[in-house]
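In our numbering, the protein residues as written are 5 to 117. By construction, the Cβ of each residue, glycine as well, lies at the ideal position given by its N, Cα and C atoms. Have a look at the structure below before the remarks.
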Amino acid sequence: MRNQKIIQNTPDYKRIYSDLIELKYPEKKDVCSILLEKNTMTALDVIQINRIIFGKSRKKRIHRSYDKKSILKILKYQSENRMNNVELSKELGISRNTIAKWKKSYKEISGVI
């Protein structure tokens with residue numbers, strides 16, 4: 005049991021998007037190749053590649069989930085660009101209350117807030 009590999013239940017986004025681009029959007033292969041060459045894709049990478057392929061979505065994004073690394077990256081982006089919660093929420097399509105919750109939860113870890 006000690007030496008067994010831990011399996012995470014995350015989709016293989018790299019494979020999903022590679023197949024999707026290959027079959028339906030071959031013209032966008034060059035633009036997406038940089039993101040698809042990464043070993044692991046973060047939630048932000050998935051959002052970015054989704055925007056490249058499908059354009060900006062008009063639907064509400066209520067069922068998204070973000071990993072800790074992506075949240076810290078978003079908060080760092082906010083700090084570097086001197087954005088408030090409203091500006092960041094409009095740019096990324098995330099609730100400003102969610103951003104406020106992240107800032108409260110990760111205040112000690114990020115150090116940029």
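Residue from the options whose Cα sits closest to the Cα of residue i
{"i": "L48", "options": "E95, R100 and K105", "result": "E95"}
{"i": "K73", "options": "K33, K18 and W106", "result": "W106"}
{"i": "P30", "options": "F58, S93 and Q82", "result": "F58"}
{"i": "Y70", "options": "L39, L24 and I103", "result": "I103"}
{"i": "R55", "options": "K32, K42 and T44", "result": "K32"}
C-alpha gap between residue i and residue j, whole angstroms
{"i": "I117", "j": "L76", "result": "For I117, the predicted structure reports a pLDDT of 49, less than 50, and the residue's modelled location is therefore unreliable. A value from the coordinates is still provided. I117 and L76: Cα-Cα distance of roughly 10 Å."}
{"i": "I53", "j": "R19", "result": "13 Å"}
{"i": "R68", "j": "Y17", "result": "14 Å"}
{"i": "P15", "j": "K111", "result": "29 Å"}
{"i": "Y21", "j": "I98", "result": "23 Å"}
Simplified DSSP state of residue i, which is helix, strand or coil
{"i": "D16", "result": "coil"}
{"i": "S83", "result": "helix"}
{"i": "R68", "result": "coil"}
{"i": "N89", "result": "helix"}
{"i": "E31", "result": "helix"}
{"i": "N54", "result": "helix"}
{"i": "K77", "result": "helix"}
{"i": "K42", "result": "coil"}
{"i": "K60", "result": "coil"}
Run of the alpha helix (DSSP H) containing residue i, from where it starts to where it stops
{"i": "R100", "result": "R100 to S109"}
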